[in-house]
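Engineer:
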Amino acid sequence: MSFRRIVLIAACIAMAACSKINQENYSKLQTGMAKAEVESLLGKPTECSGALGFASCTWGDDKVFISVQYAGDKVLMFSGQGLK
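Read left to right, the sequence shown gives residues -16 to -1, 1 to 68 (mature numbering (1 follows the signal peptide of the UniProt record, and there is no 0)).
1. Given that a residue counts as buried once 16 or more other Cβ atoms are within 10 Å of its Cβ, and exposed if not, what is residue 41?
2. Taking a contact to mean a Cβ-Cβ separation below 7 Å, would you say residue 43 touches residue 26 in this structure?
3. Cα-Cα, which of 65, 52, 55, 53 is closest to residue 46?
4. What first and last residue would you give for the beta strand (DSSP E) that runs through residue 40?
5. What is the C-beta distance between residue 68 and residue 6, in whole angstroms, given that I count them as a contact (C-beta under 8 Å)?
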């Protein structure tokens, strides 16, 4: 195996390990948290939508994700899938 290939594999593993979409951060979420606190913990969401004072934001993709629903600026409920 070439040195370049080893470095590339190590970089990919390191990037995957640095993901904020994990069980540890999911465990820190709490009902009533401010949206700014959630974004400080998880980073910028992948996608958000909402209307009439309610919003739903998702971090991750269709296999590994954290989804947070807001009422106003506060966490109403949250869920996750595929977290490690």
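Just so you know, even glycine gets a beta-carbon here, dropped at the ideal spot from N, CA and C. Keep in mind the model is a prediction, meaning the values are calculated, not measured.
Structural biologist: A quick look at the data gives this:
1. Label assigned to residue 41: buried.
2. Contact flag set, yes.
3. Nearest Cα to residue 46 within the set 65, 52, 55, 53: 65.
4. From DSSP, the beta strand (DSSP E) with residue 40 extends over 38 to 44.
5. So it is a contact: roughly 6 Å between Cβ atoms.
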